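Peer 1: Below: one structure in structure tokens.
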Amino acid sequence: MRPLARSLIRPYVCPSCRSGRLPVRRQFASDAQVTPEIYDVVCVGGGPAGLGLLAALRASPATSKLKVALIETQDLQKARAWNLDSQHFSNRVSSLTPSSVSFLQKIGAWDHVDQDRAQQYQEMQVWDGETGSRISFDWSMETSPFEDLRTVATMTENSNLVRALLSRISASGDENISIFSNTTVSSIENGADLPDGPDLSAWPILSLSPTGTAPSQGPSRIAARLLVGADGINSPVRRFADISTDGWDYNRNGVVATLSLAEQDPVPFPLGTKTAYQRFLPSLGGPVALLPLPNNHATLVWSTTAENAAYLKSLSPKSFIAMVNAAFRLGMPDLKYMMAMERPTSSDVDDQHESELSWRLQHTPPSSPQPPLVTGVQEGSVAAFPLRFRHASTYVSPRVALVGDAAHVIHPLAGQGLNLGMGDVASLARTLDYAVTHGMDVGDILTLERYAAERYTTNAKIGGACDMLHKLYNVPGQGPIAWGRSLGLEVIERLPFVKGLLMRQAEG
Amino acid sequence: MATLRPTLRALPKSRPLLLPRHPQRAHSTVSANELSHFSALASSWWDPQGPSRVLHLMNPLRHEFIESCLLQGTPPATSTDPTEKGTGTANTLKYLDIGCGGGIFAESLARTINPTSSAATHTRAASITALDPSPTLIQIARDHARTDPIVAEHLRSGTFSYKNCTLEDHVASFSSSQSLSTSSPSSPTSATPLNTVTPQYDIVTLFEVIEHIDNTSPTSNPTTFLTDCLRLVRPGGWLIGSTIARSLTSYLINQVIAEAPWPVGVVPRGTHDWAKFVNPDELEGWVQEALMRGADRGVTVRGGASALGEGMRWCVNGVVYFPGVGWKMVGGSESWGNYFWAVRKGF
Chain A
155 MRPLARSLIR PYVCPSCRSG RLPVRRQFAS DAQVTPEIYD VVCVGGGPAG
205 LGLLAALRAS PATSKLKVAL IETQDLQKAR AWNLDSQHFS NRVSSLTPSS
255 VSFLQKIGAW DHVDQDRAQQ YQEMQVWDGE TGSRISFDWS METSPFEDLR
305 TVATMTENSN LVRALLSRIS ASGDENISIF SNTTVSSIEN GADLPDGPDL
355 SAWPILSLSP TGTAPSQGPS RIAARLLVGA DGINSPVRRF ADISTDGWDY
405 NRNGVVATLS LAEQDPVPFP LGTKTAYQRF LPSLGGPVAL LPLPNNHATL
455 VWSTTAENAA YLKSLSPKSF IAMVNAAFRL GMPDLKYMMA MERPTSSDVD
505 DQHESELSWR LQHTPPSSPQ PPLVTGVQEG SVAAFPLRFR HASTYVSPRV
555 ALVGDAAHVI HPLAGQGLNL GMGDVASLAR TLDYAVTHGM DVGDILTLER
605 YAAERYTTNA KIGGACDMLH KLYNVPGQGP IAWGRSLGLE VIERLPFVKG
655 LLMRQAEG
Chain B
2 MATLRPTLRA LPKSRPLLLP RHPQRAHSTV SANELSHFSA LASSWWDPQG
52 PSRVLHLMNP LRHEFIESCL LQGTPPATST DPTEKGTGTA NTLKYLDIGC
102 GGGIFAESLA RTINPTSSAA THTRAASITA LDPSPTLIQI ARDHARTDPI
152 VAEHLRSGTF SYKNCTLEDH VASFSSSQSL STSSPSSPTS ATPLNTVTPQ
202 YDIVTLFEVI EHIDNTSPTS NPTTFLTDCL RLVRPGGWLI GSTIARSLTS
252 YLINQVIAEA PWPVGVVPRG THDWAKFVNP DELEGWVQEA LMRGADRGVT
302 VRGGASALGE GMRWCVNGVV YFPGVGWKMV GGSESWGNYF WAVRKGF
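Top to bottom, those sequences are chains A and B.
Just so you know, the first sequence maps onto residues 155 to 662 in the numbering used here.
Just so you know, the second sequence maps onto residues 2 to 348 in the numbering used here.
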């Protein structure tokens, strides 16, 4: 009799791989009858989500007995050795919510994060550049003066987090774990029903090959009881599992940079309070945000049109700094004008943007949130990446689960992307722990559906809210939508309990 | 909120038509239509979205209930098997699953067997034997076990085995050939000597079985069936099961709603016979009687409750299915719906 599970499994090989990989497949056909090395969990992708999952599985007594593997194209040795001095910061920084931090603490990874490079902030100023209406997320209103200020989020460089997760995983020992660095997955296929062994016909079998010139390490074919796709927006695992994904491109770019700031004036009270600033710029295509880093540095995330992003990237450091300062201070028409200024052709007119800014500032009433002045931009830190929305039609399929960007990509305006990934990983690790302690197969759909049920709606809600905010704050001018959104912000601002509720939601 | 009865396990039953290699016995405990009903469901047994879905969802709670029983006590380590004592592992319990069907519980238990681990697992299982009278279901169970290399390895090494036989056959395999013990409950002392029906298991499980036992015959009824089950339990071990109480709620939910046509119903029509449902107090009575009958067979015949020995325990815990959420343990709900029950055999 045909085992039922076989009929449930969808083909793991996408059409393009089938056509492109024919010679490779033939080569594997010869050893199809050889039992591949069997793993309980195989995670493709060694970013924060994949490493977070591995660290979480290693941290729990039940799941630490699972035999796990991680496959990463990049050289993880470089990630382990990552180091920067205290005045330089990577431009890939994430805002970790308290629930992400407490997950990282629970799995013992937070101790490995270099705390001198992480920056908490307690307040968040958000305002509409078109109407001036504002909302400030200030925890100090909600806590008694004897308590520590509540943290809205903690800014952490992704490299700092990845290094911490790697060292947490190393600290868990090398039993039952294989890390295949510098390795790509060349194909994923269903296994075979071995007459003298197990029936692996519904199991994904991965063929591994070394990237570049790196020597091959370990077996080239491995079987996965559970294959986890933590392999990003173009997830090969998702394609192999034939899971469709829905979404759109925002036609916006996120411009990031590491900035240094002037001393804050007045000195914040209580001392050490840090604030994040975000100003919506409807006429320029999205919000600009300044998020604090240690030692009076900050990271910039400016969501804007691709043309504006290209313009900003092409500016000299001085002009770039002037544009960032302008973005937090000037009115929309002034900003639009400056964004269209001729790019300086020679260095002697390099201060064109600067002088334009100082002249226009004299004619602009000071807005109430006053972020500190940007005084410098770290060399080579200005970069742009396209903003997209993606949501997979499902996170699970028999013996396959998707986490992080492989499952969903959202607009960065609320800084929730990495936090959703951490939430996925925490949930999947919890699900697998439940499975192991209840005799369930960790790759069985009955196990995995618990994870999907826990995460799908949550992620869809947050992704949808960010999308809605993006669309709402892309309507320029003073029309009814602008009044409506300012009304919304003002109402929230005036009703403390509503704001508290919203902030707790944002906290995760 | 509902007390859905999932699809069930086929019951120990010998039918010459289906089981030519087993002789039919007059005292078989289930009717033929129960067996054919569940054999017909075989092809969808492991379909997570199929008619057995509600049963699959209940399986993790069986592990939790077993764990709660083990916390109350386990049989003392076997003196007859010194090899196990020396290994230093806490996982020494031998399981028997009666009416395993397609192997939903048996396979999940086999997955917890870890011969290399010295740390106690939640089931503390060392081995499991699973019985079902339906050859179709046993074949389904064996085929499915091969899809998990760990379980397949346990099957190969013998720590896990499926037996296509009835409970009566299994008991007989431990008895001397002339004493077909349960055939004459009217003369319970007709003496199978204790040493020929040695209790073999620390934990015997009986999930969704008892309500399918034929209760019309004086020679084959739930009490004779439970007597056989309990005789296989080592002193200090547990007989653990689940069933449904016979209440108005369970009638409406199991007979009217759950077996309604799709999309309302979730279990196939004919899965349950409400009249065979068992209330916890009835079950407790049967178990007590079965324990005394079992004790009467022993060399030391004692009377009354003292025959049950020290350490005997009876536990029940209600469980409720909430659509969209799943099964939850709900204390007190045992009198009107699904419930787990367990009896610990005295020393």
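Each residue gets a CB set at the ideal place from its N, CA and C atoms; glycine is no exception.
Treat the numbers as computed from the prediction; the structure is a model and nothing was measured.
For Leu-415 (chain A), which beta-bridge partners are listed by DSSP?
Peer 2: Per DSSP, A:Val-528.
Peer 1: With a cut-off of 7 Å, does the C-beta of Ser-248 (chain B) fall near any C-beta of chain A?
Peer 2: Ser-248 (chain B) does not count as touching chain A.
Peer 1: Mind pulling the alpha helix (DSSP H) runs of 4 or more residues that sit fully within the region 266-342 of chain B?
Peer 2: The region 266-342 of chain B contains these whole alpha helix (DSSP H) runs: 281-297.
Peer 1: Could you check where the beta strand (DSSP E) with Glu-343 (chain A) kicks off and where it finishes?
Peer 2: Residues 337-344.
Peer 1: Any beta carbon of chain B sitting closer than 7 Å to that of Ile-599 (chain A)?
Peer 2: Output row for Ile-599 (chain A): interface = yes.
Peer 1: Hey, quick one: how far does the alpha helix (DSSP H) through Asp-170 (chain B) stretch, first residue to last?
Peer 2: 168-175 is the extent of the alpha helix (DSSP H) around Asp-170 (chain B).
Peer 1: Three or more C-beta pairs under 8 Å: does that hold for the region 274-283 of chain B against the region 64-72 of chain B?
Peer 2: Result no; under three Cβ-Cβ pairs closer than 8 Å.
Peer 1: Helix, strand or coil: how does DSSP classify Asn-405 (chain A) here?
Peer 2: Reduced to three states, the DSSP call for Asn-405 (chain A) is strand.
Peer 1: Determine which residues of the region 568-588 of chain A have a Cβ less than 9 Å from any Cβ of chain B, and write them out in chain order.
Peer 2: Within the region 568-588 of chain A, the residues whose Cβ lies closer than 9 Å to some Cβ of chain B are Tyr-588, listed in chain order.
Peer 1: Going by Cα to Cα distance, which pick from B:Arg-235, B:Leu-58, B:Phe-106 is closest to Gly-295 (chain B)?
Peer 2: That would be B:Arg-235, whose Cα lies nearest to the Cα of Gly-295 (chain B).
Peer 1: In chain order, what residues of the same chain have a beta carbon less than 7 Å from the beta carbon of Gly-485 (chain A), not counting five sequence neighbours either side?
Peer 2: Here the set comprises Thr-518.
Peer 1: Please determine, among A:Pro-364, A:Pro-441, A:Asn-388, the residue with the shortest C-alpha to C-alpha distance to Thr-128 (chain A).
Peer 2: Outside the shown range of chain A, which is 155 to 662, sits residue 128 (chain A), and nothing can be said about it.
Peer 1: Straight-line CA distance for Tyr-549 (chain A) to Thr-585 (chain A)?
Peer 2: Those two C-alpha atoms are separated by around 13 Å.
Peer 1: Run the CB neighbour count on Glu-108 (chain B), radius 10 Å, all protein chains shown included, and call it buried at 16 or more, exposed below.
Peer 2: Buried.
Peer 1: How many Å lie between Asp-621 (chain A) and Leu-469 (chain A) at the Cα?
Peer 2: Straight-line Cα distance between these residues: approximately 29 Å.
Peer 1: Go through its chain and collect everything with a Cβ distance to Leu-527 (chain A)'s Cβ below 8 Å, but skip five positions before and after it.
Peer 2: Within the same chain, Leu-527 (chain A) has close Cβ partners Leu-415, Ala-416, Asn-479.
Peer 1: Does Ala-595 (chain A) get closer than 7 Å to chain B when you measure Cβ to Cβ?
Peer 2: The residue you asked about is not Ala; residue 595 (chain A) is Asp in the sequence shown. Closer than 7 Å: yes.
Peer 1: Can you give the beta carbon distance from Ala-111 (chain A) to Ser-361 (chain A), rounded, assuming they're within the 8 Å contact cut?
Peer 2: This structure cannot settle anything about residue 111 (chain A), because the visible part of chain A is limited to 155 through 662.
Peer 1: With 16 as the cutoff for other CB atoms within 10 Å, does Ser-188 (chain B) come out buried or exposed?
Peer 2: Confidence in Ser-188 (chain B) is poor, its pLDDT being 40 and thus under 50, which makes the residue's placement unreliable; the coordinate value appears in the next sentence. Ser-188 (chain B) is exposed by the Cβ-count criterion.
Peer 1: Would you kindly report the start and end of the unbroken alpha helix (DSSP H) that includes Pro-52 (chain B)?
Peer 2: Here Pro-52 (chain B) belongs to no alpha helix (DSSP H), and DSSP marks it neither H nor E.
Peer 1: As a quick exercise: from A:His-562, A:Thr-337, A:Phe-434, pick the residue whose alpha carbon is nearest that of Arg-288 (chain A).
Peer 2: Comparing Cα-Cα distances from Arg-288 (chain A) to each of A:His-562, A:Thr-337, A:Phe-434, the minimum goes to A:Phe-434.
Peer 1: Can you pull the chain B neighbours of Ile-192 (chain A), defined as C-beta to C-beta under 8 Å?
Peer 2: Chain B residues near Ile-192 (chain A): Pro-150.
Peer 1: At a Cβ threshold of 7 Å, is Asp-488 (chain A) touching chain B?
Peer 2: Taking Cβ atoms only, chain B never reaches closer than 7 Å to Asp-488 (chain A), which makes this a no.
Peer 1: Is Arg-604 (chain A) helix, strand or coil when you go by DSSP?
Peer 2: Three-state DSSP puts Arg-604 (chain A) in a helix.
Peer 1: Suppose only complete runs of 3+ residues qualify. What are the beta strand (DSSP E) ranges in the region 424-461 of chain A, listed by chain order?
Peer 2: Runs found: 429-435, 440-447, 451-459.
Peer 1: With a threshold of 7 Å between beta-carbons, can His-592 (chain A) be considered close to chain B, or not?
Peer 2: Taking Cβ atoms only, chain B reaches closer than 7 Å to His-592 (chain A), which makes this a yes.
Peer 1: Against chain A, with Cβ distances strictly below 7 Å, would Pro-61 (chain B) count as a contact?
Peer 2: Yes, its Cβ sits closer than 7 Å to a Cβ of chain A.
Peer 1: How would you label Phe-539 (chain A), buried or exposed, when you count the other beta carbons within 10 angstroms and need 16 or more for buried?
Peer 2: Classification for Phe-539 (chain A): exposed.
Peer 1: What do you get for Ala-209 (chain A), buried or exposed, if any count of 16 or more other CB atoms within 10 angstroms of its CB means buried?
Peer 2: It counts as buried.
Peer 1: Can a CB atom of chain A be found closer than 7 Å to the CB of Leu-71 (chain B)?
Peer 2: Closer than 7 Å: no.
Peer 1: Compare the C-beta of Asp-328 (chain A) against all C-beta atoms of chain B and say whether one is closer than 7 Å.
Peer 2: No, Asp-328 (chain A) lies away from the interface with chain B (no Cβ there is under 7 Å from its Cβ).
Peer 1: For Leu-56 (chain B), decide whether its Cβ has a neighbour in chain A, counting only Cβ atoms nearer than 7 Å.
Peer 2: Closer than 7 Å: no.
Peer 1: From the DSSP output, which residues share a beta bridge with Pro-364 (chain A)?
Peer 2: Paired residue(s): A:Thr-337.
Peer 1: Measuring alpha carbon to alpha carbon, tell me which residue in A:Asp-559, A:Ile-225, A:Glu-343, A:Leu-211 is nearest Ile-359 (chain A).
Peer 2: Of the listed residues, the one whose Cα sits closest to Ile-359 (chain A) is A:Glu-343.
Peer 1: Buried or exposed, going by whether 16 or more other CB atoms sit within 10 Å of the CB of Val-257 (chain B)?
Peer 2: Label assigned to Val-257 (chain B): exposed.
Peer 1: Might you give, ordered along the chain, the residues of its own chain that have their beta carbon closer than 6 Å to the beta carbon of Ala-43 (chain B), omitting 5 neighbours on each side?
Peer 2: Answer for Ala-43 (chain B): Thr-137, Leu-138, Ile-141, listed in chain order.
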